[in-house]
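K.L.:
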Amino acid sequence: MDEPDPLELLNHLEGILESDPLIDEIGFIHPSQFVLLNEDVGTPSTSVDSVQTTNFRTLFWIRDHKLGISTKVLFPLYVAAKNAFVEAYKNYKLLQRDDKHASMCCSSSSLSLESELMKHSRALLILSCDFGTAWNSRKLVLSKKQSLSMFMNELIFSSVILSHSPKSEQAWSQRRWVIKMIAGNCSNLQEIMERESELVKKLAERSKMNYRAWYHRCWLVSYMSVEQVLQEFNKSREWAGLHVADNSCFHYRERLMLRLFEESEHSQDQDASFDPELHKLLKDEFNWVEKLIKRYVGREALWLHRRFLLTCWIRYFACGDHDRSLASNQRNIRAVDIDMLIDNELELFRSCTILPDSDFEDYQAQATFAATYMVWLKRVLCFIYFFNLAVSFELFTQLILYVLNQQLAGALAIDIQKVETSRVKSLLTNVCPEKSLLWNYLPELCM
Amino acid sequence: MKITALMVLKCNPEGSDPVILANASDVNHFGYFQRSSVKEFIVFVGRTVAKRNPPGQRQSVQHEEYKVHSYNRNGLCALGFMDDHYPVRSAFSLLNQVLDEYLKNFGESWKTVQSDNAQPWPYLNEALAKFQDPAEADKLFKIQRELDETKIILHKTIDSVLERGEKLDSLVEKSSDLSAASQMFYKQAKKTNSCCTIL
Numbered sequence: 001m002d003e004p005d006p007l008e009l010l011n012h013l014e015g016i017l018e019s020d021p022l023i024d025e026i027g028f029i030h031p032s033q034f035v036l037l038n039e040d041v042g043t044p045s046t047s048v049d050s051v052q053t054t055n056f057r058t059l060f061w062i063r064d065h066k067l068g069i070s071t072k073v074l075f076p077l078y079v080a081a082k083n084a085f086v087e088a089y090k091n092y093k094l095l096q097r098d099d100k101h102a103s104m105c106c107s108s109s110s111l112s113l114e115s116e117l118m119k120h121s122r123a124l125l126i127l128s129c130d131f132g133t134a135w136n137s138r139k140l141v142l143s144k145k146q147s148l149s150m151f152m153n154e155l156i157f158s159s160v161i162l163s164h165s166p167k168s169e170q171a172w173s174q175r176r177w178v179i180k181m182i183a184g185n186c187s188n189l190q191e192i193m194e195r196e197s198e199l200v201k202k203l204a205e206r207s208k209m210n211y212r213a214w215y216h217r218c219w220l221v222s223y224m225s226v227e228q229v230l231q232e233f234n235k236s237r238e239w240a241g242l243h244v245a246d247n248s249c250f251h252y253r254e255r256l257m258l259r260l261f262e263e264s265e266h267s268q269d270q271d272a273s274f275d276p277e278l279h280k281l282l283k284d285e286f287n288w289v290e291k292l293i294k295r296y297v298g299r300e301a302l303w304l305h306r307r308f309l310l311t312c313w314i315r316y317f318a319c320g321d322h323d324r325s326l327a328s329n330q331r332n333i334r335a336v337d338i339d340m341l342i343d344n345e346l347e348l349f350r351s352c353t354i355l356p357d358s359d360f361e362d363y364q365a366q367a368t369f370a371a372t373y374m375v376w377l378k379r380v381l382c383f384i385y386f387f388n389l390a391v392s393f394e395l396f397t398q399l400i401l402y403v404l405n406q407q408l409a410g411a412l413a414i415d416i417q418k419v420e421t422s423r424v425k426s427l428l429t430n431v432c433p434e435k436s437l438l439w440n441y442l443p444e445l446c447m
Numbered sequence: 001m002k003i004t005a006l007m008v009l010k011c012n013p014e015g016s017d018p019v020i021l022a023n024a025s026d027v028n029h030f031g032y033f034q035r036s037s038v039k040e041f042i043v044f045v046g047r048t049v050a051k052r053n054p055p056g057q058r059q060s061v062q063h064e065e066y067k068v069h070s071y072n073r074n075g076l077c078a079l080g081f082m083d084d085h086y087p088v089r090s091a092f093s094l095l096n097q098v099l100d101e102y103l104k105n106f107g108e109s110w111k112t113v114q115s116d117n118a119q120p121w122p123y124l125n126e127a128l129a130k131f132q133d134p135a136e137a138d139k140l141f142k143i144q145r146e147l148d149e150t151k152i153i154l155h156k157t158i159d160s161v162l163e164r165g166e167k168l169d170s171l172v173e174k175s176s177d178l179s180a181a182s183q184m185f186y187k188q189a190k191k192t193n194s195c196c197t198i199l
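The listed protein sequences derive, respectively, from chains A and B.
Going by full-length UniProt numbering, the first sequence wraps up at 447, each residue one higher than the last.
Going by full-length UniProt numbering, the second sequence wraps up at 199, each residue one higher than the last.
Next comes the structure, spelled out in structure tokens:
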């Protein structure tokens, strides 16, 4: 067979895209895979029966809304799509300029140019997902049209792209742009949020450590209602528990928790800043992470999440005696709480630094994480005692930075000798000898 | 946390390619068009690793964010394709359990098998679903204390399993388990570090 004409190929591809708006996955496949794919389904496709389709049967494959394109034609197809797009974009820009002068925006020629541009940019992006000009040209048309259904279709289109390149920054940012555009005037925003969140979950399963996908999910939080935030928090728990090496989902949960805390601060007046539900939520998360730390040995993400939880605890629930507005019994609860908390952390530290005589798991890593966590905790506690818990969070972080620089902490006389610095030091030297120089400074760092 | 596949193979002492006795895989989290290649790769990597696993030894082979755990007990070898998060301890408890279960079901009949078996073994598929949560495999661990006795050898790359002079690239090219399409995926993934599109 002769090499097929690139323009015909492009027409055929655009025809397929037009005829099946529900395509949800795209793949570039090896010519030999067609035989296998056709075997799987039995009879060859009869949905489109023009003469030329038979020629294309070994180049395009579509069934169950999955579109496969043969790698053999990718290059000519791409060149044709790019040329067609550039031409359409040029014409569209020209017309737009003319329209401005003539102040008529809905002429039939402009309509057809718009659809040409959308058609070619779609084909082009399917072949090369990071073609920024093509994404921007679509934004141009969409923002001029302001049609809700077009915006919704753009979300679908972007998820098709993500199906084969889940880390495409442009595709993710197009979604955020669309959501921003429709946020004000659409009634089912909550539903859209839910779908977006599900999409991230699905794609995160497929591509590990997908920062862009998780960034997108965190970004969604500010558009969610409080009930939805709570729902998401409960739903994401299982995934996080089964993906303990992936920091992303824990980060997402942190974002959700912060939103809940913010809301609770806004909704309550000064004298009742204690929210029992949030208190319970935080406590549950604490216990859950502890369980995970013990089950999945040597996972840094879990320890980092614990640091976040403890910081939250101190900020929101461990306010000190200075707080006159508190009822005395509440103050007592808090004092007891923080004591119990520290005892609990010490216990965790001890159990995680026992090095068993086996190479089964990363006990060395676990011990290192536990010890550095302890060093961190001790630093944090210094501030709590020293400043009598009276600092705001911003000040708190600033002070941490300040003291880290100034080595001021050495001057603080604080009764937290429960934390055994020398034990931490010898342990760290033992499990992580390559950093022994750093560990030698440890007593100065955390006393 | 994901177990992609569990396999049982017969290792031949004279060094010919191992024979597949049972194979269960779950490739739904891969792209539609990649699934057939992924299945082929599981067979290919499984055979490659099992062939180089001496009897009585446990080994874990790291390959990108995946780990292949294998345990060869007197020529009968169980393999698990897990992702990096799956606790090693749980993985080997599970492999132990799979071997016990296999012997209970089929006895010593495996010793005479000469060609790959494509018949599904229901237990293996059930195990694949059940043990996706390592907490389940942890329960097994509590019963099987003898696990601690043999050391696990950890290989940081699949190349370190191969004998001197062997190269993964040439094994991929020679393998009859891999179709042209899978070879293309392999080369492409190598070239683009598996995160980019094809152009």
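Beta carbons are placed, not taken as given, at the ideal position from N, Cα and C, and that holds for glycine.
Just so you know, these numbers come straight off a predicted model, no measurement behind them.
1) Check whether chain A comes within 8 Å of H69 of chain B, counting only Cβ atoms and requiring the distance to be less than that.
2) What does a CB cutoff of less than 8 Å around Y223 of chain A pick up in its chain, not counting 5 residues either side in sequence?
3) Name the chain A residues whose beta carbon is nearer than 9 Å to that of D177 of chain B?
4) Shorter than 8 Å from the beta carbon of D26 of chain B to some beta carbon of chain A?
5) Taking the alpha-carbon of F151 of chain A as reference, which of A:R176, A:T133, A:L7 and A:E169 has the nearest alpha-carbon?
6) Within 10 Å of its beta-carbon, does C11 of chain B have 16 or more other beta-carbons around it, so buried, or fewer, so exposed?
7) Please work out which residues of its chain come closer than 6 Å, Cβ to Cβ, to L94 of chain B, disregarding the five sequence neighbours upstream and downstream, and give them in chain order.
8) To the nearest angstrom, report how far apart Q170 of chain A and Y252 of chain A are at their CA atoms.
9) Run the CB neighbour count on F56 of chain A, radius 10 Å, all protein chains shown included, and call it buried at 16 or more, exposed below.
10) Mind listing, in chain order, the continuous beta strand (DSSP E) runs of no fewer than 3 residues lying wholly within the segment 93 to 150 of chain A?
11) Is K66 of chain A close to chain B, meaning its C-beta is less than 8 Å from at least one C-beta of that chain?
12) Could you give the first and the last residue of the continuous beta strand (DSSP E) run that contains S25 of chain B?
13) H65 of chain A: buried (16+ other C-beta within 10 angstroms of its C-beta) or exposed?
14) Verify whether the separation of the beta carbon atoms of I158 of chain B and Y86 of chain B is less than 8 Å.
15) At what residues does the alpha helix (DSSP H) containing I42 of chain B begin and finish?
16) Starting from the C-beta of A301 of chain A, find all residues in its chain whose C-beta is less than 8 Å away, skip the five residues before and the five after it, and write them out in chain order.
17) Need the endpoints of the beta strand (DSSP E) that T4 of chain B sits in, please.
18) Since L346 of chain A and C312 of chain A should fall inside the 8 Å C-beta cutoff, what is the C-beta to C-beta distance between them, to a whole number of angstroms?
19) Considering only the beta carbon of each residue, do L154 of chain B and L162 of chain B sit closer than 8 Å?
20) I need the DSSP call for A118 of chain B, collapsed to helix, strand or coil.
21) Leaving out five residues on either side along the sequence, give the residues of the same chain with a beta carbon under 6 Å from the beta carbon of V43 of chain B.
22) Tell me whether K67 of chain B sits in a helix, a strand or coil according to DSSP, three-state version.
23) For E114 of chain A and A135 of chain B, I'd like the C-alpha separation in whole angstroms.
24) At a CB-CB cut-off below 7 Å, which residues of chain B make contact with K208 of chain A?
25) Under a three-way DSSP split, which group does I156 of chain A fall into?
26) With DSSP collapsed to three states, give me the class of K208 of chain A.
27) If the cut is a Cβ gap below 8 Å, which residues of chain A does G31 of chain B touch?
28) Is it buried or exposed, residue 498 of chain A, if we count other Cβ atoms within 10 angstroms and call 16 or more buried?
29) At a cut-off of 7 Å, is N91 of chain A close to the ligand FAD when judged by its beta-carbon and the heavy atoms of the ligand?
30) Please compile the residues from chain B whose C-beta is within a distance smaller than 9 Å of the C-beta of A370 of chain A.
31) Within 8 Å (strictly less), CB to CB, does D133 of chain B reach chain A?
32) Can you tell me the Cα-Cα spacing of F41 of chain B and D26 of chain B, whole angstroms?
33) Find out if the Cβ-Cβ distance for the pair G46 of chain B, L99 of chain B is shorter than 8 Å.
34) Would you list the one or two residues that DSSP bridges to W61 of chain A?
35) Going along chain A, which residues have a C-beta under 9 Å from H85 of chain B?
36) Can a CB atom of chain A be found closer than 8 Å to the CB of A181 of chain B?
P.N.:
With the structure as the only source:
1) If you number the second sequence from 1, residue 69 of chain B lands on position 69. False, the Cβ-Cβ gap to chain A never drops below 8 Å.
2) For the purposes of this step, residue 223 of chain A is taken as residue 223 along the first sequence, with counting starting at 1. Cβ neighbours of Y223 of chain A beyond the five flanking positions: I179, A183, L189 and M193.
3) Sequence index remark: in the second sequence, residue 177 of chain B carries index 177 (1-based). Per Cβ cutoff of 9 Å: no residues; D177 of chain B is ~14 Å from chain A at best.
4) The residue you call residue 26 of chain B lines up with position 26 of the second sequence. The C-beta of D26 of chain B comes no closer than 8 Å to any C-beta of chain A.
5) Within the first sequence, the letter at position 151 stands for residue 151 of chain A. Checked all of A:R176, A:T133, A:L7 and A:E169; the closest Cα to F151 of chain A is A:R176.
6) Against the second sequence, residue 11 of chain B aligns to sequence position 11. C11 of chain B comes out buried.
7) Along the second sequence, one-based indexing puts residue 94 of chain B at 94. Once the five neighbours on either side are set aside, the close Cβ partners of L94 of chain B are F131 and A137.
8) Working through the first sequence from its first residue, we reach residue 170 of chain A at position 170. Working through the first sequence from its first residue, we reach residue 252 of chain A at position 252. Their Cα atoms are separated by approximately 21 Å.
9) Start at 1 with the first residue of the first sequence, and residue 56 of chain A comes out as number 56. F56 of chain A comes out buried.
10) none
11) As a position in the first sequence, residue 66 of chain A is number 66, starting the count at 1. With 8 Å as the cut-off, K66 of chain A counts as an interface residue toward chain B.
12) Start at 1 with the first residue of the second sequence, and residue 25 of chain B comes out as number 25. Here the beta strand (DSSP E) through S25 of chain B covers V19 to S25.
13) Walking along the first sequence from the start, residue 65 of chain A turns up at place 65. Exposed, because fewer than 16 other Cβ atoms sit within 10 Å of the Cβ of H65 of chain A.
14) Reading the second sequence from its first residue, position 158 is the one you call residue 158 of chain B. Reading the second sequence from its first residue, position 86 is the one you call residue 86 of chain B. No.
15) The residue labelled residue 42 of chain B in the question sits at position 42 within the second sequence. It spans R35 to K51 - the alpha helix (DSSP H) in which I42 of chain B sits, taken as one unbroken run.
16) For the purposes of this step, residue 301 of chain A is identified with residue 301 of the first sequence, where counting begins at 1. The answer, listed in chain order, is V244, A245, D246, N247 and F250.
17) Counting from 1 along the second sequence, the entry for residue 4 of chain B is found at position 4. Start and end: I3 to K10.
18) Working through the first sequence from its first residue, we reach residue 346 of chain A at position 346. Working through the first sequence from its first residue, we reach residue 312 of chain A at position 312. 20 Å between Cβ atoms; not a contact.
19) Within the second sequence, the letter at position 154 stands for residue 154 of chain B. Within the second sequence, the letter at position 162 stands for residue 162 of chain B. No, the pair does not count as a contact, with Cβ atoms beyond the cut-off.
20) Reading the second sequence from its first residue, position 118 is the one you call residue 118 of chain B. Coil.
21) Numbered from its first residue, the second sequence carries residue 43 of chain B at position 43. Hits under 6 Å: D177.
22) The count along the second sequence starts at 1 and reaches residue 67 of chain B at position 67. Of the three classes helix, strand and coil, the one that applies to K67 of chain B here is strand, per DSSP.
23) Residue numbering aside, residue 114 of chain A sits at position 114 when the first sequence is read from its first letter. Residue numbering aside, residue 135 of chain B sits at position 135 when the second sequence is read from its first letter. Each residue's Cα considered, the two are about 55 Å apart.
24) Taking the first residue of the first sequence as position 1, residue 208 of chain A is located at position 208. Neighbours of K208 of chain A on chain B, chain order: E65.
25) The residue you call residue 156 of chain A lines up with position 156 of the first sequence. Note: I156 of chain A maps to helix in three-state DSSP.
26) Looking up residue 208 of chain A in the first sequence gives position 208. Note: K208 of chain A maps to coil in three-state DSSP.
27) Against the second sequence, residue 31 of chain B aligns to sequence position 31. E25, G27, S163, H164 and R206, listed in chain order.
28) Here chain A comprises residues numbered 1 to 447, so residue 498 of chain A is not present and cannot be evaluated.
29) The ligand FAD is not part of the structure shown, which contains no ligands of any sort.
30) For the purposes of this step, residue 370 of chain A is identified with residue 370 of the first sequence, where counting begins at 1. Those do not exist, as A370 of chain A stays about 17 Å from chain B at its closest Cβ, beyond 9 Å.
31) On the second sequence, position 133 is the one that residue 133 of chain B refers to. Yes, because at least one Cβ of chain A sits closer than 8 Å to the Cβ of D133 of chain B.
32) In the second sequence, residue 41 of chain B corresponds to position 41, counting from 1. In the second sequence, residue 26 of chain B corresponds to position 26, counting from 1. Between F41 of chain B and D26 of chain B, the alpha-carbon positions lie close to 13 Å from each other.
33) Indexing the second sequence from 1 puts residue 46 of chain B at position 46. Indexing the second sequence from 1 puts residue 99 of chain B at position 99. No, the Cβ-Cβ distance between G46 of chain B and L99 of chain B is not below 8 Å.
34) As a first step, residue 61 of chain A is located in the first sequence; it is residue number 61 there, counting from the start. Bridge pairing for W61 of chain A: A:G68 [DSSP].
35) Locating residue 85 of chain B in the second sequence gives position 85, where the first residue counts as 1. Near H85 of chain B (Cβ distances below 9 Å), the residues of chain A are L242, H243, V244, A245, D246, Y296 and R299.
36) The residue given as residue 181 of chain B occupies position 181 in the second sequence. The beta-carbon of A181 of chain B is placed less than 8 Å from the nearest beta-carbon of chain A.
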